[in-house]
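Chains as they are written, first to last, in this note's numbering: chain A, 1167 to 1279; chain B, 13 to 127.
All C-beta atoms, glycine included, are put in the ideal place defined by N, C-alpha and C.
Only one structure is covered here, and it is reproduced in the block below.
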Amino acid sequence: DSGVTQTPKHLITATGQRVTLRCSPRSGDLSVYWYQQSLDQGLQFLIQYYNGEERAKGNILERFSAQQFPDLHSELNLSSLELGDSALYFCASSGRGGIDTQYFGPGTRLTVL
Amino acid sequence: AQKVTQAQTEISVVEKEDVTLDCVYETRDTTYYLFWYKQPPSGELVFLIRRNSFDEQNEISGRYSWNFQKSTSSFNFTITASQVVDSAVYFCALSEAYNTDKLIFGTGTRLQVFP
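Put into structure tokens, the structure is as follows:
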């Protein structure tokens, strides 16, 4: 158990809908990362937050957004969902970012029908 | 540009065989970190090891060992006396210290260990 929690574990929804994925980092970790794992794209970095502020952005679609709250938990919002958004979404956390190791949560499997 | 290549898509071995998973990386930075993660069939990503670019010492942890060679930009992972529980997808990843903290993953190697 990495100490990173993600909810829900599974999510099934329809095209055009909006969903929110939630992540709680390990106790004491300030940095949260979101990654998407799909069959065609592999594991791709989406976005990073550090102590409430956006720190880095990767291949994140404009339909996706994220935030990190004062209690350091993070949410990833996916809107106008398409079939191609079906994937495993991972959250990871690290202490200070940079040289610290990222520990991953169990992931949220999103299926868009 | 930074890149991680895991040329072996899938490897099958019989229990007790030794197996080496290859990882080759590209980076312009002189300070970087290399990682291996394991993704068992249950789906979670489990951290195995982190290496920084200044430490080329090989590392052994039980049946696992890692060979880091800057001269060939490789960070290979060997499992000695493989077991069925080692069956998983293994990912090599790179993080550049100067360019955010994101991990750049290889495409993974699926290891199947048969009894």
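Could you work out which residue in the options is closest to residue i when comparing CA atoms only?
i       : options                               : result
A:Y1269 : A:V1198, A:V1278, A:S1246 and A:K1175 : A:V1198
A:Q1137 : A:Y1215, A:A1222 and A:G1250          : Residue coverage of chain A in this structure runs from 1167 to 1279, which leaves residue 1137 of chain A outside it and unanswerable.
B:T42   : B:A105, B:D113, B:F66 and B:S99       : B:F66
A:A1253 : A:G1271, A:L1276 and A:P1272          : A:L1276
B:R40   : B:F126, B:E108 and B:D113             : B:E108
B:V128  : B:L60, B:F59, B:R75 and B:C104        : The structure shown does not extend to residue 128 of chain B, since chain B spans only 13 to 127, so no value can be given for it.
B:K28   : B:I116, B:T84, B:D113 and B:I91       : B:I91
A:G1250 : A:G1271, A:L1279 and A:E1219          : A:L1279
A:E1219 : A:A1258, A:H1176, A:L1205 and A:L1196 : A:L1196
B:T32   : B:V16, B:Y76 and B:I61                : B:Y76
So residue i contacts chain B; which residues on that side make the cut at Cβ distance below 7 Å?
i       : result
A:Y1269 : F59
For residue i and chain B, any beta-carbon pair shorter than 8 Å?
i       : result
A:L1196 : no
A:A1222 : yes
A:Q1214 : yes
Could you tell me which chain A residues have their CB closer than 8 Å to the CB of residue i, listed as they occur along the chain?
i      : result
B:E56  : S1168, F1270, G1271, P1272 and G1273
B:F103 : L1209
Would residue i count as contacting chain A if we go by Cβ distances under 8 Å?
i      : result
B:T119 : yes
B:R63  : no
Taking Cβ-Cβ distances shorter than 9 Å, what residues in chain B pair up with residue i?
i       : result
A:L1254 : G55
Taking residue i as the query, report the chain A residues whose CB atoms sit under 9 Å from its CB, ordered along the chain.
i      : result
B:L115 : Y1199, Y1201, L1209, F1211, A1258 and Q1268
Quick one: residues in its chain with C-beta nearer than 8 Å to the C-beta of residue i, no 5 flanking neighbours on either side, listed in chain order?
i       : result
A:G1182 : S1246 and L1247
If I'm right that residue i touches residue j with Cβ under 8 Å, what's the distance once you round it to whole angstroms?
i       : j       : result
B:D34   : B:Q20   : 6 Å
A:R1192 : A:H1239 : 11 Å between Cβ atoms; not a contact.
A:Q1203 : A:L1209 : 5 Å
B:V101  : B:R122  : 5 Å
A:L1242 : A:R1229 : Incorrect: roughly 11 Å between the Cβ atoms, too far for contact.
B:E71   : B:W78   : 5 Å
B:S89   : B:R63   : It should be noted that the sequence gives Phe, not Ser, for residue 89 of chain B. With a Cβ gap of about 11 Å, B:F89 and B:R63 do not count as contacting.
B:S94   : B:D30   : 7 Å
Apart from the five residues just before and just after residue i, which ones in its own chain have a Cβ nearer than 6 Å to its Cβ?
i     : result
B:L57 : Y49 and Q51
B:E22 : R122
With 8 Å as the threshold, decide whether the Cβ of residue i is near any Cβ in chain D.
i       : result
A:Y1269 : The chain labelled as chain D is not found among the protein chains of the depicted structure, namely A and B.
Do residue i and the ligand GTP come close, with the Cβ less than 7 Å from some heavy atom?
i     : result
B:N79 : In the structure on display, the ligand GTP does not appear, and there are no ligands present to speak of.
Leaving out the 5 sequence neighbours to the left and right, which residues in its chain are closer than 7 Å to residue i when beta-carbon positions are compared?
i       : result
B:V125  : V25, E27, S94, Q95, V96, D98 and S99
A:G1273 : Q1172, L1254, Y1255 and F1256
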